[in-house]
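Engineer: This structure is in structure tokens; I'll ask about it shortly.
2 protein chains.
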Amino acid sequence: MINVAILGFGVVGAGVAEVLSMNEDKISRHMGEEVKVKYILDIRDFPGSPFESLVTHDADQVFGDPDVSVIVETIGGARIAYEYTKRALSAGKCVVTSNKELVATHGVELMQIAKDNGCRYLFEAAVGGGIPIIRPLHRCLAGNKIMRIAGIVNGTTNYILTNMRTSGLSYEEVLKQAQEKGYAEQDPTADVEGIDAQRKLSILSSIALEGDYVSPDEIHTDGISGITLNDINFATKINCSIKLLAVFSHMDDKKPSAYVAPHFVARKSQLAPVEGVFNAILVKGNAVGTTMYYGRGAGKLPTASAVVGDILEAALPAERNAYTSDWHFTDASRVTADYDDVVTNIVVRAKAGSVENLVDKFSAYTVKSVWDGNDCSAVIVFGIAHKDIDPLVKSVEGSWMHYME
Amino acid sequence: MINVAILGFGVVGAGVAEVLSMNEDKISRHMGEEVKVKYILDIRDFPGSPFESLVTHDADQVFGDPDVSVIVETIGGARIAYEYTKRALSAGKCVVTSNKELVATHGVELMQIAKDNGCRYLFEAAVGGGIPIIRPLHRCLAGNKIMRIAGIVNGTTNYILTNMRTSGLSYEEVLKQAQEKGYAEQDPTADVEGIDAQRKLSILSSIALEGDYVSPDEIHTDGISGITLNDINFATKINCSIKLLAVFSHMDDKKPSAYVAPHFVARKSQLAPVEGVFNAILVKGNAVGTTMYYGRGAGKLPTASAVVGDILEAALPAERNAYTSDWHFTDASRVTADYDDVVTNIVVRAKAGSVENLVDKFSAYTVKSVWDGNDCSAVIVFGIAHKDIDPLVKSVEGSWMHYME
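Quick mapping for you: the protein sequence lines, in order, are chains A and B.
Take 161 as the starting number for the first sequence in the numbering used here and just add one per residue.
Take 161 as the starting number for the second sequence in the numbering used here and just add one per residue.
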């Protein structure tokens, strides 16, 4: 049994408890033992929460319990979170966090304390929310000199920029909508002025430079509060989107650079289609070339996903600290479903003018007319089992292929 | 000093030696000690190669040397590679490989041998070439139930499909071109019939299922040899691209499924713009939602990048097996370049009809006219230092913003 304590039961803290609970079986299987939340430390009570009984206001109880091996810090900020993180690491307990401000500002000290006390300070969730980026950058690409990072790392600003374009509303109007929907804070400064992106770039740059700490203070940062609808419309005219990018660059023998600023991004760039609250990070290494990581950069469960990944890493005994699982044969003759029974989506083509016939023949499924030309007719059929495809397609004298949206 | 032996000095094996050599300083810094190739085991000699002196034909010398802690298996196939991998793991030496055939067919046994002998069998390079996917899937997303994987995991077929569309040539003609360019083997069966993708999907599915081994034999596989130019052109008409996808699905309480087949992929999908030899893998977890991993799925240095990442993971002493580096302050007041000195690309806008003036004013740089409308004129300026921007932009009474391609 691995016992976890969560400090701060806000959105992310609650998400961590929820993910550990909903994926309990899967996680036990991954670890070979149960992972349980033993305490939730918060100044508030949470009457009615399924985790109510775990809530404590007594920090001494949490830090003094030798059964607690992993501490999740989801308090945020760099004050109480800082004191608690130091206390936990000093006691030899691993700390896992989504707190980019604390990592970016006090990471040097906290990682030293962790090292001195034989434990770890892990923060996959601090950049890119649920997107794996810290581990890929630091471990998978360890054999590369990192030459460039260019990331959309703040979902709030990307949401605002995307919606200005699609709605035709001004920055102020879209910001107000974002605040109403909970995509922007009531005080949006840290997001819209690029401070959140600056902290994340501090972390990525420091990893890219193998530990040479890049302070947020040295990162030039322009936000998006000056972006007008006129800018957005112009970007469209020149086949670009405006994106707030966090950019690290370390080319040839030049000194590395790091800055945050709005960019026109050409539509052909991998970053251009990244819309709304999604994040994406391009990383270029001198061996691997360009790689990209894409996903939800914020939100309760995505961020909790990254925190839980770190909890499991922190809890893994050293002798099992491999990243491959122990494969084994099961009693079943096969693990996966028979191909015939697998449900899929397909495009069915038949002779021109036959759309109505196609829609009729596949009426047991969701079906959508997609082409009605002189050459042929076609529909998309959703949710059909492989074994049912051939007889039906034969009956319309057609052909078919898989379809994916 | 960490001593590595490379078995099989083909494209990937040579790439591993090259990356360890060209990024020697960076890697030493990452590990805190040097990582050196001590032996290259091959039946051939390599006169003139910078690594000629390391070549040996004596397997006993390699396996019997207690200084060698990590073995790189880049022989390929499942015969000699299988025997050597068993021998190395049985001797307690970690084995790192890019050999998807061996992992997919003998992974169960080999991982058990590794476990029994307290060492590791690592294969990040076996799927997606240089793209980090094994570690993100198994470690970062460990808290998720994996619901879906959809990947373009074979560069040869994606190259062929892409070039049929762009060139208008037939499958046979494009395959021939691909063979001439070295993107397809002389016997292309494993690629074009989906066998390579099938092996990779076996590996990904087995990880997604926490070690329930999905044999390649149970994966229904259709290749691309039946795809015609007519199919390709039709895909364009319905706003799709044809992609060979490896698909794993595990929804709700259904049995998991895994198959390889060509798909029409809608242009709005994240996978649609993945062209040529690039790979991309979508992974959907029940907490994180959809994530994507993109990059070069094959090639000498990209694949070597993944192998080297695993070498460093395998060599890391347990007490340092964290994925965060030890940050520290440097003597310099800052690590990164001053923002003013950083060179960038920008879009400069000024009054309508001023394109010629803009091109003239920025003639010291590479400059490109990009808009010449009734509302304004604009150029892209490449390679300009931040400190030079404002004076020049002021001189044309214009405004500017960053530009990224």
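Virtual Cβ for every residue (Gly too), placed ideally from N, Cα, C.
1. How close, in whole Å, do the beta carbons of Gly288 of chain B and Gly303 of chain A come, if the pair is a contact with beta carbons under 8 Å?
2. Would a check of beta-carbon distances place Tyr343 of chain B closer than 8 Å to chain A?
3. Spell out a yes or no on whether the region 162-170 of chain B and the region 540-549 of chain A are touching, meaning 3 or more CB-CB pairs, one atom from each, closer than 8 Å.
4. Are the Cβ atoms of Thr234 of chain B and Ser250 of chain B separated by less than 8 Å?
5. Tell me whether Ile187 of chain B sits in a helix, a strand or coil according to DSSP, three-state version.
6. Establish whether the CB of Pro210 of chain A and some CB of chain B are separated by less than 8 Å.
7. What in chain B is Cβ-close to Leu321 of chain A, meaning under 7 Å?
8. With C-beta atoms as the reference, is Lys322 of chain B less than 8 Å away from Glu435 of chain B?
9. What residues in the region 409-431 of chain A bring their beta carbon closer than 8 Å to a beta carbon of chain B?
10. Exposed or buried, Gln358 of chain A, counting other C-beta atoms within 10 Å across all chains shown (16 or more means buried)?
11. So, does the CB of Asn439 of chain A fall closer than 8 Å to a CB anywhere in chain B?
12. Closest to Val407 of chain B by CA distance: which of A:Lys428, A:Tyr563, A:Gly315 is it?
13. Taking Asp382 of chain A as the reference, give the member of A:Ser401, A:Ile363, A:Pro422, A:Phe394 with the closest Cα.
14. Apply the 10 Å Cβ neighbour rule to Ala432 of chain A and answer buried if 16 or more other Cβ atoms are within range, or exposed otherwise.
15. Going by C-alpha to C-alpha distance, which of B:Ala238, B:Glu345, B:Thr526, B:His266 sits closest to Tyr319 of chain B?
16. Starting from the beta carbon of Val539 of chain B, find every residue of chain A whose beta carbon is closer than 8 Å, and list them in chain order.
17. Using a Cβ-Cβ cutoff of less than 7 Å, which residues in the same chain neighbour Gly252 of chain B once the five nearest sequence positions on both sides are dropped?
18. Ignore the nearest five residues each way along the sequence and tell me which others in Lys444 of chain B's own chain have a CB closer than 7 Å to its CB.
19. In whole angstroms, what is the alpha-carbon distance linking Gly354 of chain B and Arg189 of chain A?
20. Since Val268 of chain B and Tyr373 of chain B are thought to touch, with beta carbons under 8 Å apart, how far apart are those beta carbons, to the nearest angstrom?
21. Among B:Lys415, B:Asp356, B:Leu329, B:Phe169, which residue has its Cα nearest to the Cα of Ser209 of chain B?
22. Using 8 Å as the Cβ pair cut-off and three pairs as the minimum, do the region 195-215 of chain A and the region 498-505 of chain A touch?
23. Kindly confirm or deny that the region 460-468 of chain A and the region 323-341 of chain A touch, where touching means at least three C-beta pairs closer than 8 Å.
24. Which residues in chain A sit within 9 Å of Arg295 of chain B, going by Cβ to Cβ distance?
25. Pairs of beta-carbons, one from the region 281-301 of chain A and one from the region 281-301 of chain B, closer than 8 Å: are there three or more?
26. If you draw a straight line from the alpha carbon of Val448 of chain A to that of Arg456 of chain B, how long is it in whole angstroms?
27. Grab the span of the beta strand (DSSP E) containing Met452 of chain A for me, first residue to last.
28. Going by beta carbon distance, what residues of the same chain come within less than 7 Å of Asp535 of chain A, once the five residues before and after it are set aside?
29. Could you tell me the distance, in whole angstroms, from the CA atom of Asp225 of chain A to the CA atom of Tyr199 of chain A?
30. Quick one: give me the first and last residue of the alpha helix (DSSP H) that Thr396 of chain B is part of.
31. Which value, in whole angstroms, describes the spacing of the CA atoms of Asn446 of chain A and Ser555 of chain A?
32. Going by the DSSP bridge assignment, what does Met561 of chain A pair with across the sheet?
33. Can you tell me whether Ser485 of chain A is buried or exposed, with buried defined as 16 or more other CB within 10 angstroms of its CB?
34. Starting from the beta carbon of Thr317 of chain B, find every residue of chain A whose beta carbon is closer than 8 Å, and list them in chain order.
35. Note down, one range per segment and in chain order, each alpha helix (DSSP H) of at least 4 residues found wholly within the region 216-292 of chain A.
36. Within 10 angstroms of the Cβ of Ile152 of chain B, are there 16 or more other Cβ atoms? Answer buried if so, exposed if not.
Structural biologist: Per the coordinate set shown:
1. No, Gly288 of chain B and Gly303 of chain A are not in contact; Cβ-Cβ is about 16 Å, not under 8 Å.
2. no
3. no
4. no
5. helix
6. no
7. Result: empty, since nearest Cβ-Cβ is about 12 Å, beyond 7 Å.
8. For the record, residue 322 of chain B in the displayed sequence is Thr; it is not Lys. For Thr322 of chain B and Glu435 of chain B, yes; Cβs fall inside 8 Å.
9. Ser409, Lys414, Lys415, Pro416, Ser417, Ala418, Tyr419, Ala421, Pro422, His423, Phe424, Val425, Ala426, Lys428, Ser429, Gln430, Leu431
10. buried
11. no
12. A:Tyr563
13. A:Pro422
14. buried
15. B:Glu345
16. Result: empty, since nearest Cβ-Cβ is about 10 Å, beyond 8 Å.
17. Asn277, Gly278, Cys279
18. Met307, Arg308, Thr450
19. 31 Å
20. 5 Å
21. B:Phe169
22. no
23. no
24. Pro292, Arg295, Pro296, Arg299, Cys300, Tyr483
25. yes
26. 7 Å
27. 449-456
28. Ala512
29. 10 Å
30. 389-397
31. 55 Å
32. A:Val507
33. Here Ser485 of chain A scores only 43 on pLDDT, less than 50, and its place in the model should not be relied on; the value that follows carries that caveat. The residue in question, Ser485 of chain A, is buried, as its Cβ has 16 or more Cβ neighbours within 10 Å.
34. By Cβ distance, chain A contributes nothing, its closest Cβ being about 14 Å from Thr317 of chain B, past 8 Å.
35. 219-223, 240-250, 260-276
36. No information on residue 152 of chain B is available, as it lies outside the stretch 161 to 565 that chain B covers here.
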